[in-house]
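A short worksheet on the structure shown next.
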Amino acid sequence: MTSSFPTIHKDLSKITVKPNLDYDKVRGNFDWQEMYDELDWLPGGGLNKAHEAIDRHANGPNRDKLAMIWEGKNGEKETYTFGQMKVESDRFANVIKSLGIVTGDRVFIYMERLPELYFAFFGALKAGAVVGPLFSAFGPDPVKDRLQDSEAKVLVTQPDLRRKITEIIPELFELQHIIVVNKDNRDPQPLNTADLSYEDEMAKSPPNFDIVNTSQYDYSIMHYTSGTTGKPKGAVHRHQAVVQQYATGKWALDLHEDDIYWCTADPGWVTGTSYGMLAPWTNGVTQLIYEGGFRASKWYELIQKYKVTVWYTAPTAIRMLMKAGDEVPRRYNLTSLRFTASVGEPLNPEAVVWGNAVFDMPFHDNWWQTETGAIMCANYACQDIKPGSMGRPLPGIELAVVDENFEPVPVGVDGILVVRPDWPSMFHGYWQNSSMYNSRFKKGWYITGDSANVDEDGYFWFVG
Numbered sequence: 002m003t004s005s006f007p008t009i010h011k012d013l014s015k016i017t018v019k020p021n022l023d024y025d026k027v028r029g030n031f032d033w034q035e036m037y038d039e040l041d042w043l044p045g046g047g048l049n050k051a052h053e054a055i056d057r058h059a060n061g062p063n064r065d066k067l068a069m070i071w072e073g074k075n076g077e078k079e080t081y082t083f084g085q086m087k088v089e090s091d092r093f094a095n096v097i098k099s100l101g102i103v104t105g106d107r108v109f110i111y112m113e114r115l116p117e118l119y120f121a122f123f124g125a126l127k128a129g130a131v132v133g134p135l136f137s138a139f140g141p142d143p144v145k146d147r148l149q150d151s152e153a154k155v156l157v158t159q160p161d162l163r164r165k166i167t168e169i170i171p172e173l174f175e176l177q178h179i180i181v182v183n184k185d186n187r188d189p190q191p192l193n194t195a196d197l198s199y200e201d202e203m204a205k206s207p208p209n210f211d212i213v214n215t216s217q218y219d220y221s222i223m224h225y226t227s228g229t230t231g232k233p234k235g236a237v238h239r240h241q242a243v244v245q246q247y248a249t250g251k252w253a254l255d256l257h258e259d260d261i262y263w264c265t266a267d268p269g270w271v272t273g274t275s276y277g278m279l280a281p282w283t284n285g286v287t288q289l290i291y292e293g294g295f296r297a298s299k300w301y302e303l304i305q306k307y308k309v310t311v312w313y314t315a316p317t318a319i320r321m322l323m324k325a326g327d328e329v330p331r332r333y334n335l336t337s338l339r340f341t342a343s344v345g346e347p348l349n350p351e352a353v354v355w356g357n358a359v360f361d362m363p364f365h366d367n368w369w370q371t372e373t374g375a376i377m378c379a380n381y382a383c384q385d386i387k388p389g390s391m392g393r394p395l396p397g398i399e400l401a402v403v404d405e406n407f408e409p410v411p412v413g414v415d416g417i418l419v420v421r422p423d424w425p426s427m428f429h430g431y432w433q434n435s436s437m438y439n440s441r442f443k444k445g446w447y448i449t450g451d452s453a454n455v456d457e458d459g460y461f462w463f464v465g
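What follows is the structure, given as structure tokens:
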């Protein structure tokens, strides 16, 4: 299914920042080893996502560079350099190490987008834990399902969310510690007597930590799928995934070192970790984190206020911005923007064209899944856009559209979208569900569960 909308042709001579990727040149002879070589790695050859995203910058010339600009829902503002991010995540690593957490233990985070969420996330990775971020809007049952299945030993949360799940805590037999973040003493109600105060634990924790020498094959993050068929399944990713998260930040989001980047996704979803933490910070960019929810005027105000240059959001949000009207963005100076992108569901062609008209640049849609861990197919800064298309496969990724016998279908014919396995960010299992995991691979392909077609120019089109 191709779009009736005309291709948006890019005049690269008018693009102020040269794209990171020359697609045809790179894709033709690409070897993933090139990306492996661009990472820092731990002394002794280990790989840890927290080191690549935070410590390698903090230990070098970017130590005093802004990593995070945080704005709270009530207008509060905090900033953290890479050096400060290292200290805070080191402290948290020491906290959970003192609680007996060892490599492979599961630490789950159930919080709003507070700075402490990010310190805990990277601190847990430094300690060798497997981190499970949870969406803050979850009610008790989704939280219980995930904590029971993962056998999480530590939960990091905040007072109002802690109270929301009080009734399920006795059913979490493996849970040993609940750490409660009460930022700036926002919530005056006392802690449950069995809980630990994040602030108290951090205050007595040393500011330096030697990262556990995790290998690239050690588990790092688990995200649970939505559970539309049966119970949610925990897709587990290795530290190796950071290779592709770094590469896709560079190529699919065209991140440059001087960018101010904003990803609107919640860390409870894979986009909010892969592209709200790992891709931007491995690329050494400054990132805006906004605690609040959607409001068109507020979003435009944030772009103007912080001079956001790269903006990654979701089709639903774009359609809500369209509904708010074209007059709203005209009240703001949005000229800092140079690249806009979208993910989460197919982006309708009208939204791509609308972005081109309102922001003088189209939204670049891309395709990937919780299981893939990183972007697999994208519209790139260096290429024309066909509105409604997923774009073209990432260098190093083999996508195909096949029939029920796993034979390639002709150009323009709908079929099953499949990927050749062993890309760096590929999930390595569904937690405690190997049969379900194995069922996703047949005849040398990973079966995405999506249907698509591909056109004569190698652009893929999502069907269903």
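Just add 1 to the spot in the sequence shown (first one is 1) and you have the working numbering. For glycine and all other residues, C-beta sits at the position ideal for the given N, C-alpha and C. None of the values given here were measured: they were computed from a predicted structure.
Out of curiosity, what's the CA-to-CA distance linking residue i and residue j?
i	j	result
Asn-49	His-365	30 angstroms
His-257	Asn-21	8 angstroms
Val-286	Pro-171	42 angstroms
Trp-368	Gln-190	44 angstroms
Ala-379	Phe-174	43 angstroms
Pro-347	Ile-319	12 angstroms
Ser-5	Ser-227	32 angstroms
Gly-47	Gln-177	29 angstroms
Ala-130	Ala-242	15 angstroms
Ile-376	Asn-183	35 angstroms
Tyr-301	Val-309	10 angstroms
Gln-149	Gly-273	23 angstroms
Trp-71	Gly-416	44 angstroms
Thr-194	Gln-159	15 angstroms
Gly-374	Val-181	29 angstroms
Leu-303	Ala-266	15 angstroms
His-240	Ser-216	7 angstroms
Phe-340	Lys-251	12 angstroms
Pro-268	Leu-118	9 angstroms
Leaving out the 5 sequence neighbours to the left and right, which residues in its chain are closer than 8 angstroms to residue i when beta-carbon positions are compared?
i	result
Lys-444	Phe-407
Arg-92	Phe-120, Gly-124, Met-203, Ser-206, Pro-207, Pro-208, Phe-210
Asp-23	Cys-383
For the alpha helix (DSSP H) containing residue i, name the first residue and the last one.
i	result
Thr-272	271 to 274
Phe-123	116 to 127
Leu-156	Taken as a continuous stretch (DSSP letters only), Leu-156 belongs to no alpha helix (DSSP H), being part of the beta strand (DSSP E) at 155 to 158.
Asn-357	350 to 359
Val-244	243 to 252
Leu-148	141 to 151
Leu-176	Taken as a continuous stretch (DSSP letters only), Leu-176 belongs to no alpha helix (DSSP H), as it is neither H nor E.
Trp-33	Per DSSP, Trp-33 belongs to no alpha helix (DSSP H) and is neither H nor E.
Which same chain residues end up closer than 6 angstroms to residue i when comparing Cβ atoms and leaving out the 5 residues on each side of it in sequence?
i	result
Glu-372	Ala-236, Phe-428
His-224	Ala-236, Val-271, Thr-371
Tyr-247	Thr-283
Met-36	Val-244, Ala-248
Leu-449	At residue 449 the sequence reads Thr, which differs from the Leu that was named. Here the set comprises Leu-418.
Could you spell out where the beta strand (DSSP E) holding residue i opens and where it closes?
i	result
Tyr-220	220 to 225
Gln-288	287 to 291
Tyr-81	78 to 82
Arg-239	235 to 239
Arg-107	107 to 111
Gly-450	446 to 455
Gly-416	416 to 420
Trp-263	261 to 264
Ala-401	400 to 403
Trp-312	311 to 314
Thr-341	340 to 343
Trp-432	First-last for Trp-432: undefined, no H or E at that position.
Leu-67	67 to 72
Gly-374	Careful: Gly-374 lies outside any beta strand (DSSP E) and carries neither H nor E.
Val-131	131 to 135
Please work out which residues of its chain come closer than 7 angstroms, Cβ to Cβ, to residue i, disregarding the five sequence neighbours upstream and downstream, and give them in chain order.
i	result
Ser-90	Ala-51, Ile-55, Phe-120, Phe-123, Gly-124, Lys-127
Val-414	Asn-454
Asp-65	Thr-82, Gly-84
Asp-385	Thr-8, Ile-9, His-10, Lys-11
Asp-327	Val-359
Lys-74	Glu-292, Gly-293
Assuming the contact rule is C-beta atoms closer than 8 angstroms, residue i and residue j should be a hit. Round their C-beta distance to whole Å, please.
i	j	result
Ser-343	Ala-315	6 angstroms
Met-323	Ala-352	7 angstroms
Trp-282	Ala-138	About 25 angstroms; that fails the 8 angstroms criterion.
Asp-188	Asp-161	6 angstroms
Pro-330	Val-359	5 angstroms
Val-410	Tyr-447	Actually they do not touch by this definition, with Cβ atoms about 17 angstroms apart.
Asp-451	Phe-442	Not confirmed; about 15 angstroms, so no contact.
Asn-186	Leu-43	About 37 angstroms; that fails the 8 angstroms criterion.
- [ ] Evaluate contact between the region 430 to 439 and the region 380 to 396, counting only Cβ atoms and requiring at least three cross-stretch pairs below 8 angstroms.
- [x] These segments do not touch.
- [ ] Answer yes if the region 287 to 299 comes into contact with the region 394 to 412, meaning at least three C-beta pairs across the two stretches below 8 angstroms, and no otherwise.
- [x] Fewer than three beta-carbon pairs drawn from the region 394 to 412 and the region 287 to 299 are found closer than 8 angstroms, and the two stretches are therefore not classed as touching.
Task: Touching by the beta-carbon criterion (3+ pairs, under 8 angstroms), the region 233 to 251 and the region 83 to 98 - done: Flag = no, the region 233 to 251 and the region 83 to 98 do not touch.
Open item on the list: Within 8 angstroms, do at least three Cβ pairs link the region 153 to 170 to the region 77 to 85?
Closed with: A contact between stretches requires three or more CB pairs, one per stretch, nearer than 8 angstroms, and the region 77 to 85 fails this requirement with the region 153 to 170.
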